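A.B. asks: Residue 125 in the working numbering sits at position 108 of the sequence shown, with consecutive numbering throughout.
Just so it is clear, CB atoms sit at the ideal spot from N, CA and C, and this is done for glycine as well.
Owing to the predicted nature of the structure, the values given are computational and were not obtained by experimental measurement.
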Amino acid sequence: MSNEINSTTEMNKKFKEAIQDFFASGKGSPMYETYVNYALGTNMRGDILAKELSNHIPLADRSYVDIGTAYGGFMVAFAKMGCKNVFGMEIDDRLVNICRLNLQENGLNPESVIRYDICQPLQGKLKRKFDVITCTDVLEHVLDVPSTINNIIALAANGSHIYLEIPNRYHVNNVLSDPHFGLFGITLLDRDDAMEYFNMERKGEYLVGDYYNLDYFLSFFPTKFFEVVNISNPVLPVTSDELFLNEVKNAYLEKVSNLSISDKLKGILIERFDQYIINYTAQMDNPDLNSYYVQSWKLIIYKKKGFVRELLNTVSTRISLCFP
18 MSNEINSTTE MNKKFKEAIQ DFFASGKGSP MYETYVNYAL GTNMRGDILA KELSNHIPLA
78 DRSYVDIGTA YGGFMVAFAK MGCKNVFGME IDDRLVNICR LNLQENGLNP ESVIRYDICQ
138 PLQGKLKRKF DVITCTDVLE HVLDVPSTIN NIIALAANGS HIYLEIPNRY HVNNVLSDPH
198 FGLFGITLLD RDDAMEYFNM ERKGEYLVGD YYNLDYFLSF FPTKFFEVVN ISNPVLPVTS
258 DELFLNEVKN AYLEKVSNLS ISDKLKGILI ERFDQYIINY TAQMDNPDLN SYYVQSWKLI
318 IYKKKGFVRE LLNTVSTRIS LCFP
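Okay, structure coming up:
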């Protein structure tokens, strides 16, 4: 099959049924409809991102890979925008099969997505280079961020563009209700505490790693070899910060009273939230936009043509020293 896109606009019945089957075990859970609707919106989200990026970087006739492609909507969208040799990787076998249904429906080669753990050394079909790489809402899920980013850099051709989208743990919407589980305050916790919280409030597997700040991610891309453009959209509160914080505190009191977690964990959560309010208040006179007002960081990274591969080991070592 070619990378041409079919003109059909209705989502394939088999694709929809596969998504519903994938989430069937969670039917009746608080996040069931959110998960299903998010999955069904994969092509629409892909269209939105591809069009947004086309305002910043060329897409036509450039090779493309989506890291953690899940349902395949980004592969479909970037092919529609003229990318060639569209490729994807996904760690979950079930999602690979769902993605292939979506690709097939849209006239793309279903074998252009493979099962692969991006944390592992690149081999086989991945000993190649791409002109455009996207990795959206993935880095918070992997357990080895340095290896993941170094692999992404290795996949990028000199003169290529990498797009990363990463949720910000300190944005108030993510604090009040995190995007993965709808749980108050879980983004403020260390991973072990977050797992305990999740296991008390939700069913299933906790598939989130650690959250890091923006500077951590930027440190992988030194300016000698990369140009980074932050296209995030900071959003300040509609009301004053003081009124906004009062609303947040009131919501916090209501949410904490309804939690069924242990007293020990509740104490940790309260302590973290109180510190969050202190930090938020301290920056109000000089708003720290990237730390508190961006829900997800959106970074376009240009890999300069003078990049040297030896930099990878240098960056990896430096990161491990700075962030044990």
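1) CA-CA distance, leucine 316 and leucine 70?
2) Helix, strand or coil for asparagine 175, going by three-state DSSP, please let me know.
3) Since threonine 51 contacts tyrosine 88 with CB under 8 Å, what's their CB separation in whole angstroms?
4) Please name the residue in Ala77, Thr298, Leu76 whose C-alpha comes closest to that of aspartate 258.
5) Enumerate in chain order the residues of its own chain whose CB-to-CB distance from leucine 120 is below 6 Å, with the five nearest sequence positions on each side excluded.
6) Less than 7 Å between the beta carbons of valine 265 and valine 189, yes or no?
7) Quick check on DSSP: helix, strand or coil for lysine 322?
8) So what does DSSP say about leucine 125, is it helix, strand or coil?
9) Roughly how many angstroms lie between the CA atoms of valine 149 and asparagine 247, to the nearest whole one?
10) From what residue to what residue does the alpha helix (DSSP H) around tyrosine 88 run?
11) Is histidine 158 buried or exposed, if buried means 16 or more other CB atoms sit within 10 Å of its CB?
12) Which full runs of the alpha helix (DSSP H) of 4+ residues lie inside the region 202-270, going along the chain?
13) Please give the ranges of any beta strand (DSSP E) in the region 114-163, keeping only runs that are unbroken, at least 3 residues long and fully inside the region.
14) Tyrosine 187 by DSSP, collapsed to three states: which one?
15) If we ignore side chains and look at the alpha-carbon of each, how far apart do tyrosine 309 and tyrosine 223 end up?
16) Tell me the residue span of the alpha helix (DSSP H) that contains lysine 281.
17) Mind reading off the beta-carbon distance from serine 313 to glutamate 182? Whole number of angstroms is fine, and I expect it under 8 Å.
18) Measure the beta-carbon distance from phenylalanine 104 to glycine 202 and round it to whole angstroms, keeping in mind my assumption that it falls under 8 Å.
19) Tell me whether leucine 270 is buried or exposed, calling it buried when 16 or more other Cβ atoms sit within 10 Å of its Cβ.
20) Could you tell me whether the Cβ atoms of arginine 200 and glutamate 218 are closer together than 7 Å?
21) Rounded to whole angstroms, how far is the Cβ of isoleucine 318 from the Cβ of phenylalanine 238, which I believe are closer than 8 Å?
22) The alpha helix (DSSP H) with asparagine 307 in it runs from where to where?
23) Using a 10 Å radius around the Cβ and a threshold of 16 neighbouring Cβ atoms, would you call isoleucine 287 buried or exposed?
24) So, are the CB atoms of asparagine 185 and valine 311 less than 7 Å apart?
25) How many angstroms separate the CA atom of phenylalanine 40 from the CA atom of methionine 48?
26) Classify alanine 211 as buried or exposed, calling it buried when 16 or more other Cβ atoms lie within 10 Å of its own Cβ.
27) For leucine 66, which of Gly99, Thr153, Val162, Gln140 has the nearest alpha-carbon?
28) Could you give the DSSP three-state label for methionine 48: helix, strand or coil?
C.D. replies: Here's the rundown:
1) One-based indexing of the sequence shown puts residue 316 at position 299. One-based indexing of the sequence shown puts residue 70 at position 53. Between leucine 316 and leucine 70, the C-alpha separation is close to 10 Å.
2) Translated into the one-based positions of the sequence shown, residue 175 becomes position 158. In the structure shown, asparagine 175 sits in a strand (DSSP, three-state: E or B).
3) One-based indexing of the sequence shown puts residue 51 at position 34. One-based indexing of the sequence shown puts residue 88 at position 71. Rounded, the Cβ-Cβ distance is 14 Å, inconsistent with contact.
4) Within the sequence shown, the letter at position 241 stands for residue 258. Checking every option, the nearest Cα to that of aspartate 258 belongs to Thr298.
5) Residue numbering aside, residue 120 sits at position 103 when the sequence shown is read from its first letter. Contacts found: Gly89, Pro127.
6) On the sequence shown, position 248 is the one that residue 265 refers to. On the sequence shown, position 172 is the one that residue 189 refers to. Yes, these two residues count as a Cβ contact at 7 Å.
7) For the purposes of this step, residue 322 is taken as residue 305 along the sequence shown, with counting starting at 1. In this structure, lysine 322 counts as coil in the three-state DSSP scheme.
8) For the purposes of this step, residue 125 is taken as the residue at position 108 of the sequence shown. Leucine 125 falls in the coil class under three-state DSSP.
9) Looking up residue 149 in the sequence shown gives position 132. Looking up residue 247 in the sequence shown gives position 230. One C-alpha to the other measures close to 17 Å.
10) Position 71 of the sequence shown holds residue 88. No alpha helix (DSSP H) contains tyrosine 88, which DSSP labels as neither H nor E.
11) The count along the sequence shown starts at 1 and reaches residue 158 at position 141. Exposed, because fewer than 16 other Cβ atoms sit within 10 Å of the Cβ of histidine 158.
12) 208-218, 231-235
13) 130-132, 147-153
14) In the sequence shown, counting from the first residue as 1, residue 187 sits at position 170. Tyrosine 187 falls in the coil class under three-state DSSP.
15) Walking along the sequence shown from the start, residue 309 turns up at place 292. Walking along the sequence shown from the start, residue 223 turns up at place 206. Their backbone Cα atoms lie some 25 Å apart in a straight line.
16) Reading the sequence shown from its first residue, position 264 is the one you call residue 281. 280-299 is the extent of the alpha helix (DSSP H) around lysine 281.
17) Along the sequence shown, one-based indexing puts residue 313 at 296. Along the sequence shown, one-based indexing puts residue 182 at 165. Rounded, the Cβ-Cβ distance is 5 Å, consistent with contact.
18) As a working note, residue 104 is residue 87 in the sequence shown. As a working note, residue 202 is residue 185 in the sequence shown. About 38 Å separates the two Cβ atoms, so there is no contact after all.
19) By one-based count along the sequence shown, residue 270 stands at place 253. Exposed, because fewer than 16 other Cβ atoms sit within 10 Å of the Cβ of leucine 270.
20) Translated into positions along the sequence shown, residue 200 becomes position 183. Translated into positions along the sequence shown, residue 218 becomes position 201. Arginine is not the amino acid found at residue 200; the sequence shown has leucine there. Taking 7 Å as the Cβ cut-off, leucine 200 and glutamate 218 qualify as a contacting pair.
21) Along the sequence shown, one-based indexing puts residue 318 at 301. Along the sequence shown, one-based indexing puts residue 238 at 221. Yes, isoleucine 318 and phenylalanine 238 are in contact; Cβ-Cβ is about 6 Å, under 8 Å.
22) If you number the sequence shown from 1, residue 307 lands on position 290. Start and end: 306-309.
23) On the sequence shown, position 270 is the one that residue 287 refers to. Under this definition isoleucine 287 is an exposed residue.
24) Against the sequence shown, residue 185 aligns to sequence position 168. Against the sequence shown, residue 311 aligns to sequence position 294. Yes, these two residues count as a Cβ contact at 7 Å.
25) What you label residue 40 is simply residue 23 of the sequence shown in a count that begins at 1. What you label residue 48 is simply residue 31 of the sequence shown in a count that begins at 1. Distance from the CA of phenylalanine 40 to the CA of methionine 48, rounded to the nearest whole angstrom, comes to 10 Å.
26) Within the sequence shown, residue 211 is the residue found at index 194, counting from 1. Buried, since its Cβ has 16 or more Cβ neighbours within 10 Å.
27) In the sequence shown, counting from the first residue as 1, residue 66 sits at position 49. Selected option, being the one with the closest Cα: Thr153.
28) The sequence position of residue 48 within the sequence shown is 31, counting from 1. Three-state result, methionine 48: coil.
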